[in-house]
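Residue numbers (the numbering used here), protein chains in the order written: chain F, 1 to 292; chain L, 1001 to 1788. The structure under discussion appears below in the form of structure tokens.
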Amino acid sequence: MLLPKFNFYEPKTQGEALSIMNEYGLKAKLIAGGTDLLANMKRKLLSPDALVGISEIEEFKNLEISDKTIKIGSCFTVSAIAESAVIEKKISALAVGARALGTPLIRNLATIGGNLGSARPAADIPPSLIAYNAKAVLKSVSGERTVLLDKFFKGPGFTEIQPNEILTEIIIDIPDGYYGAGYINLGIRKAQDCNIVNVASFVSLDEPNGVINSARIVMGCVGPTHLRANAAENILIGNKPSEKLFQEAAKIAESECKPIDDFRASAVYKKAMIRVLTKRTLDIAVKEASLK
Amino acid sequence: MSNYDVINSNAPRVDTPAKAKGKAIFIDDMSMPDMLFGALLQSPIAHGKILNIDISAAKKLKGVKAVVTAKEAGLIPYGVSPARYDENVFCHDNVRYIGDEIAAVAAVDLETAIAAASLIKVDYQELPALLTIDDAMAEGAPVLHKKYPRNICAQVNQEFGNFEAGLKESDIIKTTTFKSKRQDAAFLEPQGCIANFDKLTENLTLYSSTQVPHYVQRILSMVLKLPIGKVRVIKPYLGAGFGIKAGTNTMEIVSCLLSMKTGKPVKMNYSREQVFMFGRARHQFVHTMTTGVKKDGTLMALKNECYLDGGAYTSFGIATVYYSGSLLGGPYKLPNMKYDGYRIYTNKPACGAQRGHGGVIARACWEQQLDMIAEELGMDPIELRLKNMMVTGDITCNDFNMSSLGMKECIEAVKDGSEWNKKKGKLPKGKGIGMACGFFVSGAGYPIYRSDTYHSTAVIKLTEDGGTALLYTASSEIGQGSDTTMAMIAAETLGIPLSDIRIESGDTDFGVDLGAYSSRQTLMTGHAVYDAAAHVKQQILEVLAEELNISADEIDIKKGIIIFKKSQPDFSKLRERYIKEHRGWTDNPSADDPLTFKEASRIAFLAKGIISANGKYKPHQLGGKFKGAAVGTSPAYGCSAQIVELTVDEQTGQITIDNMIDAHDCGFAINRVSVEGQMEGSLSMGLGEAMFEEVKFDSKGKIINADLAEYKIPTALDMPPVKAIIVESSEPNGPFGAKEVGEGAIMPTIPAILNAVYDAAGVRIFELPLTPERVYQAILDYKNKKAS
Ligand SMILES: Cc1cc2nc3c(=O)[nH]c(=O)nc-3n(C[C@H](O)[C@H](O)[C@H](O)COP(=O)(O)OP(=O)(O)OC[C@H]3O[C@@H](n4cnc5c(N)ncnc54)[C@H](O)[C@@H]3O)c2cc1C
């Protein structure tokens, strides 16, 4: 499998990158780690006229941490996420997702921006980010806008990003008080696997061992984009965590997902696993919240 | 420890430095001046009639040097076994699977070659694609190969003893059906080759990533109509093969054809997708077995019926269909065995031989059934096996001679090593332990083509300074460590250090060796190397005896030093001569040093010229006389026992293998680390087949997971700690007592996992792989059944 021919640009600054994208639009593709894009190009699913390499632009590789927010540059690598002590401490479910992605070699190249940009329903990074209510910053020559990640994905391979835009960073507002999140992905083998289903759950409590005051459950691989289990979230809010409550929520989540049969697994199995993983991720989330 | 100086140790492999430094040359690293690149046109449909092939546009493309079809290649049929030569270089009448080769192009670069191949226009009349055994055997289904009605490529019906009579004497009768999935061996290096035909001399050299230079040489000679003396096949370093590279692939012939047309070297490579499309790995098997045992556990009778989904051509399949019956003859005493095997042609890539050829799924089916029987008898599974176990000297009902068999020792080693008695039936819910046994041939007793040929030859030649022994063998180092093994055997036999051996292998100019398949090289090439080394040594001893006027029997060589068994003669004259020839050299021996091999072999050279010897080996008359007796017959059999511990997540069906312990009787370990490496590799391959691996097709016959992302072999994280225990039973037919380890070690892996799953979760699963969904479903069905 050979790559199709293309022109390659490697801008040094954000401004340069934005103006190239403005000029080329649909005819160019941004390339960060290339772990998704190049595979698709070799399969001849894509053959853009130009590739614009952004992984050397310093502004895109920053990790900015304050008391209130964490800002992750779009070219921050998945292995850097997996190894960051602050991410592990403040938004552990993201680190879990990062560690589950691919192999060490892939993680060293793969970026958070590329993972969101590729918009695969089975991806390991989005569920946790959505569970933490993260936002994406999109820039173009004419300005910038911020999009909630929950509203960012439009379908397999499609996102809010316009042809002249670049995803520059991800912003996570650190929740107040007693919060926690869990992420579990289920596949055939223990690594380098395309997930059969994955779930991230977030909860915050009004006090340790208190009632749940916010909850987000994000389900992967069971729809064209990640799905929220809204009804399951609703029954959690205002209640104290309990085995029974979580089992109930898990059962509702199962009814909210819309998987299809494919060569990886049947829809019936995926549904059943959404229930198991929802319950298990809620357990992790509450345990973490109580320890805060 | 042993009395040996070189063998039976943990020797660093002779190819490690080159591989560790990235200096080992594989086909993909090679290039030649003026080299062209070849590309294939392969069928996009699974079954159809070729109406017309138009190559005009391809020929016109700039940079294209040759376009060939069946017209140029001719129609000489070939394959693996002459009993089933059912392939042509290119399709001329029908295409039979997605990937069947129709034409090829040579061009100045790969891009141009691929572009030109895509310009070849083929008109097809589509035929129904027969994608399953049922499709292919259905009344009125089209026939893939005219000679084989109902698409039965090969059929075996055998009975040893009397199955029905054995059943009548049985107290318990158990029947189960077991289904596996088509495999891909997923070796790291896709097949590739470079052909170089010299138009002036008409010599053809093919560099190829093959396990069998000798067989490839013969096929090239036959199909291209060249004298065998004009055809040379060289195997560079190989990124493994596992059996798939043990036949001739299309590129090997096509690159030669293109080189003959253009007079230039032509390189071809499969992409990973083409590796899958070419196939030739493990078949899909469906076994139905009925076993009868007495109340005391004595095995009385086995009936084994097997259907193999063969794909479009035979490849190794005729051997496979025999092996899937014959390899149940041992390692248990079984007086009555009936086998009915059917290999069916389908419109998919051909299947062939893969590690544990033909026996792996038969073993999985039966060893699970034996555990079910043990449970019904209220017997420990190990006890049942020990009760029926063969011992050294036993002969199976199908005439395999277990000239050494450390099966009992293997079982005891894994039993103790795993603390079986403490764990079996006593582990917490969700955790399980399981065991199984198996055995395998140590080299096919007969070549693939009928012949009286030697199976292996070797040449050893000393350098004129006597310092180094050069070992030439046509055997194939494919990553398994055979070069190191052969060098060790040569060093031990000659009595010199391993570092004084230089080995060259994998080249048909070095002699005849049938190659790396059926776990044959350690025993067979090992014999030839031993034979050559012993003759070289004898020549040196004889020269020394004459010079020193003593008997050759009184002299020996050890660690590069001449040993005088009785009294030491005065060898000062010899030494003087040696030193005189090396005036000014700084490493000459001093007066009271012992006489060295180096000095002795220099003296021998002065007496006789280059000291060299040929070694050779072929098995003695083996096995039974019945039809098919050749398949499974071997000079020796390796065997192993395994115990697996695992955890089943009952809510998700996910299995985690926690521990594996394997004891393998390899007769005698030439290189202990290589033996352990083969055991670990076998376990990993067995684990993959048990848990994850399956080549999947869409409804049109196209493979949908032809890559290593979706075809899932075990990762490092899936592999548990492995305890590998070497058992040595000293095989009388093996060099230094050695026999196989390369394939036998995979035999027990799958059933040991199946038996452990039952121990953990209470479910018997009769279909592979054990994906989370399949296990989950089995647990669900079991719970529902229990509830109702
Ligand atoms: C062997 C293998 C295993 C894998 N395993 C996993 C896995 O387990 N889990 C998983 O989630 N993924 C996996 N992937 C997919 C892939 O590695 C990840 O999605 C990765 O995060 C992509 O990042 P990248 O930087 O390589 O993206 P690229 O390939 O560089 O880009 C991907 C897409 O995003 C666009 N893009 C990239 N950066 C930006 C930006 N800043 N702004 C706008 N658009 C942008 C690109 O134009 C392209 O369309 C695997 C891939 C391989 C090859």
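Beta carbons are placed, not taken as given, at the ideal position from N, Cα and C, and that holds for glycine. Since the model is a prediction, treat every value here as computed from it, not as a measurement.
Return yes when the C-beta of residue i is under 7 angstroms from any heavy atom of ligand 1, and no when it is not.
i         : result
F/Lys29   : yes
L/Leu1131 : no
L/Thr1656 : no
F/Leu101  : yes
F/Leu167  : yes
F/Ile20   : no
F/Ser74   : yes
F/Gly113  : yes
L/Ala1709 : yes
L/Ala1458 : no
F/Asp193  : yes
F/Val78   : yes
F/Ser118  : yes
F/Gly34   : yes
F/Ala131  : no
L/Asp1718 : no
F/Leu37   : yes
F/Leu123  : Residue identity differs from the one stated: residue 123 of chain F is Ala in this sequence, not Leu. Flag set: Cβ of F/Ala123 near ligand 1.
F/Ala98   : no
F/Ile26   : The sequence given here places Leu at residue 26 of chain F; Ile does not occur at that position. Checking the Cβ of F/Leu26 against ligand 1 gives no.
Give the C-beta separation of residue i and residue j to the nearest angstrom, bearing in mind that I take them to be a contact with Cβ-Cβ under 8 angstroms.
i         : j         : result
F/Ser128  : F/Ala181  : 6 angstroms
F/Ile184  : F/Arg280  : 6 angstroms
L/Pro1190 : L/Tyr1270 : 4 angstroms
L/Ala1756 : L/Gly1434 : 3 angstroms
F/Ala253  : F/Ile284  : Not really, about 15 angstroms apart at Cβ, beyond 8 angstroms.
F/Ala229  : F/Thr278  : 7 angstroms
L/Ser1326 : L/Val1631 : 6 angstroms
L/Val1775 : L/Ile1655 : 6 angstroms
L/Gly1166 : L/Ala1301 : 3 angstroms
L/Val1080 : L/Phe1316 : 5 angstroms
F/Ala265  : F/Ile196  : 5 angstroms
So which of the options has the shortest CA-CA distance to residue i?
i         : options                                       : result
L/Met1390 : L/Lys1168, L/Gly1329, L/His1283 and L/Glu1676 : L/Gly1329
F/Leu282  : F/Lys270, F/Asn198, F/Asp262 and F/Val268     : F/Asn198
L/Leu1514 : L/Gly1243, L/His1664, L/Leu1258 and L/Ala1138 : L/Gly1243
L/Asn1347 : L/Ala1106, L/Asn1094 and L/Ser1572            : L/Asn1094
L/Pro1619 : L/Val1254, L/His1455, L/Gln1158 and L/Ser1043 : L/His1455
L/Leu1130 : L/Ile1344, L/Gln1539 and L/Gly1430            : L/Ile1344
L/Lys1739 : L/Phe1187, L/Phe1692, L/Ser1404 and L/Phe1037 : L/Ser1404
L/Leu1032 : L/Ser1259, L/Ala1073 and L/Ala1113            : With the sequence shown as reference, residue 1032 of chain L is identified as Met, and Leu is not the correct amino acid for it. Ranking the options by Cα distance to L/Met1032, first place goes to L/Ser1259.
L/Asp1309 : L/Asn1203, L/Asn1151 and L/Tyr1711            : L/Asn1151
L/Gln1042 : L/Ala1057, L/Tyr1097 and L/Asn1088            : L/Tyr1097
L/Gln1568 : L/Ile1579, L/Asp1556 and L/Ala1787            : L/Asp1556
L/Met1337 : L/Leu1036, L/Thr1291 and L/Leu1377            : L/Thr1291
L/Leu1206 : L/Met1268, L/Asn1088, L/Glu1159 and L/Val1156 : L/Met1268
Give me, in chain order, the residues of the same chain whose beta-carbon lies closer than 6 angstroms to that of residue i; leave out the 5 immediate sequence neighbours on both sides.
i         : result
F/Ala123  : Asn115
L/His1145 : Asp1086
L/Val1216 : Thr1210, Val1233, Thr1248 and Glu1252
F/Ile106  : Thr35
Grab me the residues of residue i's own chain with a C-beta within less than 7 angstroms of its C-beta, minus the 5 sequence neighbours each way, in chain order.
i         : result
L/Val1529 : Ala1458, Leu1471, Thr1473, Met1486, Ile1489, Ala1490 and Gly1615
F/Glu298  : As shown, chain F starts at 1 and ends at 292. That puts residue 298 of chain F outside it, with no answer to give.
F/Ile161  : Gly117, Leu138 and Leu167
L/Thr1508 : Pro1213, His1214, Gln1217, Arg1232, Val1233 and Ala1474
Which same chain residues, not among the five before or five after residue i, have their C-beta less than 8 angstroms away from its C-beta?
i         : result
F/Lys258  : Val222, Gly223 and Leu227
L/Ala1591 : Ser1572 and Arg1575
F/Leu245  : Ile235, Leu236 and Asn239
Quick one: does the C-beta of residue i sit closer than 7 angstroms to a heavy atom of ligand 2?
i       : result
F/Asp49 : Ligand 2 is not part of the structure shown, which contains ligand 1 as its ligands.
Mind listing which residues of the segment 178–202 of chain F have their C-beta closer than 9 angstroms to chain C's C-betas, in chain order? Protein chains F and L are contained in the structure displayed, whereas chain C is not.
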